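Visitor: Quick one: the structure is below, questions incoming.
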Amino acid sequence: MIERLKRLGGLTLDIAWAAMILLLPITSLPILSHLTGGTLVAPASIIPLAWLAIFWFVVYVIKKGTLPRETLPFLFFIFVAVTASAFALFLDIPTFKDQSILGEEIKALLTLMIGAAFYMVTASWLSQSRSRLMLTLKLVNVSGLILLLWALIQAVYIYLYQGNFPELLLRFQGIFSIRDLFPGRMSGFAYEPSWLGQQLNLLYLPFWLAATITGWSAFRHRLGKISLENILLAIGLMVLFLSSRVGMLSFLLVTAFLVIYFNVYLAKRFQAWSLKYYDRFPPFLIRSARNLIPVLIFFIFLGVYFLSAVVLVYSLSRLDLRLANIFTIKSLATLKLLTSNIYSLFAYLSFAERVVYWVAGWNIFNLHPLLGVGLGNAGFFFPQTLPGYGWNLPEVMNLYYRAFTIPNIKSFWVRLLAETGIIGFSSFVAWYYVMAKSSWFIRLNKTPVFKTIGWAGLFVLIAFLIEGFSTDTFALPYLWISLGIVSAGGALLRNHAEVN
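Using the numbering used here, read the sequence shown as starting at 2 and increasing by one per residue.
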């Protein structure tokens, strides 16, 4: 009887894990949002995560189960963030909209605990066996496939029927999201298109791109030499470029990294070739080649990069009306007028509101640079830190005077500075660096699945450099799940090395 109960308990944990991965595309589940007071960030995967955290992770820690080494600097960051929030209770924080300072801190700390739970449970659960890791990568493909199919259905109605969705599709979306479908952009199951872009950039595209580079696939069956990951990558890129401007920039940064990596590879190959064949040429040719060829290659690459950037931005402007504004500047006088005030330029590009929030966050950091103002408290300082230009923006004024909630910084990186200070920001960056080193270490492994995980980890970290400027919540699971997979991969490799 006891053995049956144990097997049943283990089965529920396996089901919960599979459900957590499959539910990742859903960011704002209506029933969960209502239960938590109408919050926008209500990922459906929290429900199975709670089961795993309570009935597996807590027991695992009590029994002194080992955690991957990559989790240690992250735990230190959690300690710093909680400490900063505790010290903030002794600060002279101004009142705003009759909101409770303690209440805002508790809500912010809960979101931090949710993100930490996603990361710690993923890293610990997958570090137990390679089979769990393999199954998870298959489930990521399945959930990504479902996400892309729904996004493509939305695309059909957006581009063929001008966004006139039938009632059936609107009701279907209403089951999974508190927000209706967008008539002009795909949002998948997410609350908004930018969240769809974050899903793709921080979870799905990195693993599909990495699998394409390494030639590995989670499934045996292929269409000739084409794997499922290759197909999903192509479709995912199309969805990304049609849905999220920040998402486009994030993936372009990943692409730039790959181009630079390839250039370094070519330079090394050229150096090896030159060492082998230079001695066959006359001395004056050798000296000339050593001086001129590197300069020539540099300018060739520089020209190719510049031309590619112009062509790419122009091509994307055909898809994004905000980018198209760049090419509507007809005179030097207009360009001079726009560039005379940085806020005017960002307003012209429909980006001024975000910049105003970031500047306000930076001003908050300047007021309390060491430990910040505590998680959740940045909005209380907006009346005194908002830049003057912000008072001209309707969105900012609506948020300031009409919204019941206090404003937020809308940037993960600036929020870290404002709410945890330079100490909290540095501790997070230290963990980020550890994850980059771990990803690089895993990438060098000869086993295709681990090589894929290593590459994917690097792509996630690079993409989040940009994505971190479009969101400021800890509760969305994509960064934490991806880096949890990387941490588990590192632990499995080290355990294997120690056994051998």
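Glycine included, each C-beta is placed from N, C-alpha and C at the ideal position. From a predicted model like this one, the values you see are computed outputs, not experimental measurements.
Among Leu111, Phe75, Trp456, whose alpha-carbon lies nearest the alpha-carbon of Thr215?
Guide: Residue Trp456 is the option with its Cα nearest to Thr215.
Visitor: Determine whether the beta carbon atoms of Ser34 and Thr40 lie at a separation below 7 Å.
Guide: Contact flag set, yes.
Visitor: According to DSSP, is Ser245 helix, strand or coil?
Guide: Coil.
Visitor: Output the boundary residues of the alpha helix (DSSP H) element that contains Met502.
Guide: For the chain, the structure presents residues 2 to 501; residue 502 sits outside this window and is missing.
Visitor: Quick check: what's the CA-CA separation for Ile365 versus Phe382?
Guide: So the two alpha carbons sit approximately 7 Å from each other.
Visitor: If I'm right that Glu71 touches Gly377 with Cβ under 8 Å, what's the distance once you round it to whole angstroms?
Guide: In fact, because the Cβ distance is near 27 Å, the residues do not count as touching under 8 Å.
Visitor: Need the endpoints of the alpha helix (DSSP H) that Asp205 sits in, please.
Guide: A quick correction: the sequence has Tyr, not Asp, at residue 205. Here Tyr205 belongs to no alpha helix (DSSP H), and DSSP marks it neither H nor E.
Visitor: In three-state terms, what does DSSP make of Leu92?
Guide: Looking at Leu92 - three-state DSSP - the assignment turns out to be coil, as it is neither helix nor strand.
Visitor: What residues are listed by DSSP as bridge partners for Leu224?
Guide: Answer is Ile227, bridged to Leu224.
Visitor: Tell me which same chain residues have a C-beta within less than 6 Å of the C-beta of Pro44, skipping the five on either side of it?
Guide: For Pro44, where only same-chain residues beyond five positions count, the Cβ hits under 6 Å are Thr28, Pro478.
Visitor: Around the C-beta of Gly38, are 16 or more other C-beta atoms found within 10 angstroms, so that it is buried, or is it exposed?
Guide: Exposed, since its Cβ has fewer than 16 Cβ neighbours within 10 Å.
Visitor: On the CB-based measure, 16 or more other CB atoms within 10 Å of its CB, does Tyr192 come out buried or exposed?
Guide: Under this definition Tyr192 is a buried residue.
Visitor: Would you call the stretch 115-126 in contact with the stretch 54-74, where contact means no fewer than 3 C-beta pairs closer than 8 Å?
Guide: Verdict: yes, contact present.
Visitor: Specify whether the stretch 228-235 and the stretch 182-201 touch according to this definition: at least 3 beta carbon pairs, one from each stretch, less than 8 Å apart.
Guide: Touching, no.
Visitor: For the stretch 466-477 against the stretch 411-423, are there 3 or more C-beta pairs whose distance is under 8 Å?
Guide: They touch, by the three-pair rule.
Visitor: What does the alpha-carbon distance come out to for the pair Asn501 and Leu494?
Guide: The predicted position of Asn501 is uncertain, since its pLDDT is 44 and thus under 50; a value taken from the coordinates is nonetheless stated next. Cα to Cα, the separation comes out at about 11 Å.
Visitor: Leu12 to Val450, Cα distance in whole Å?
Guide: Near 26 Å, if we compare the C-alpha coordinates of Val450 and Leu12.
Visitor: What would DSSP say about Ala43, mapped onto helix, strand or coil?
Guide: If DSSP states are grouped into helix, strand and coil, Ala43 belongs with the strands.
Visitor: Between Ile423 and Lys452, what straight-line distance do the alpha-carbon atoms span, to the nearest angstrom?
Guide: Computed Cα separation, rounded: 34 Å.
Visitor: Locate the alpha helix (DSSP H) running through Ala17, then write down its first and last residues.
Guide: Looking at the DSSP string, the run of the alpha helix (DSSP H) that includes Ala17 is 3-23.
Visitor: The alpha helix (DSSP H) with Leu374 in it runs from where to where?
Guide: What sits at residue 374 in the sequence shown is Val, not Leu. First-last for Val374: undefined, no H or E at that position.
Visitor: On the premise that Leu203 lies in contact with Ala464, defined as a C-beta separation below 8 Å, what is that separation, rounded to the nearest angstrom?
Guide: Rounded, the Cβ-Cβ distance is 6 Å, consistent with contact.
Visitor: Given 8 Å as the limit, is there contact between the stretch 83-96 and the stretch 419-436, that is, 3 or more CB pairs closer than that?
Guide: In short, these stretches touch, since the Cβ pair count reaches three.
Visitor: Taking 7 Å as the CB-CB cut-off, is Ser29 touching chain D?
Guide: In summary, chain D is missing from the structure at hand, where a single protein chain is found.
Visitor: In or out: Phe405 buried (at least 16 other Cβ within 10 Å) or exposed?
Guide: Exposed: under 16 other Cβ atoms inside 10 Å.
Visitor: Can you give me the C-alpha to C-alpha distance between Leu68 and Gly10, rounded to a whole angstrom?
Guide: If I take the Cα positions, the gap works out to 22 Å.
Visitor: Measuring straight from C-alpha to C-alpha, what distance separates Leu103 and Leu113?
Guide: Looking at the two C-alpha atoms, the distance is approximately 15 Å.
Visitor: State buried or exposed for His497, treating a residue as buried only when at least 16 other CB atoms are found within 10 Å of its CB.
Guide: The residue is exposed, with fewer than 16 neighbouring Cβ atoms inside 10 Å.
Visitor: Per the DSSP calculation, Pro178 is bridged to which residue(s)?
Guide: Strictly speaking, residue 178 in this sequence is Ser, with Pro absent from that position. Bridge partners of Ser178: Ser29.
Visitor: Drop a sphere of 10 angstroms on the beta-carbon of Asn399, count the other beta-carbons inside from all chains shown, and report buried for 16 or more, exposed for fewer.
Guide: Classification of Asn399: exposed, given that the 10 Å Cβ count is below 16.
Visitor: Indicate whether Val487 and Gly458 have their beta-carbon atoms separated by less than 7 Å.
Guide: Closer than 7 Å, so yes.
Visitor: Compare the beta carbon distance of Ser251 and Pro194 with 7 Å and say whether it is the shorter of the two.
Guide: No, Cβ-Cβ distance for Ser251 and Pro194 is not below 7 Å.
Visitor: Between which two residues does the alpha helix (DSSP H) carrying Trp392 extend?
Guide: Where Trp392 is concerned, there is no enclosing alpha helix (DSSP H), given that its DSSP letter is neither H nor E.
Visitor: Taking Ile16 as the reference, which of Gly164, Ala51, Ile3, Phe88 has the closest Cα?
Guide: Of the listed residues, the one whose Cα sits closest to Ile16 is Ala51.
Visitor: Do Tyr205 and Gly145 have their beta-carbon atoms positioned less than 7 Å apart in this structure?
Guide: A contact, by the Cβ cut-off of 7 Å.
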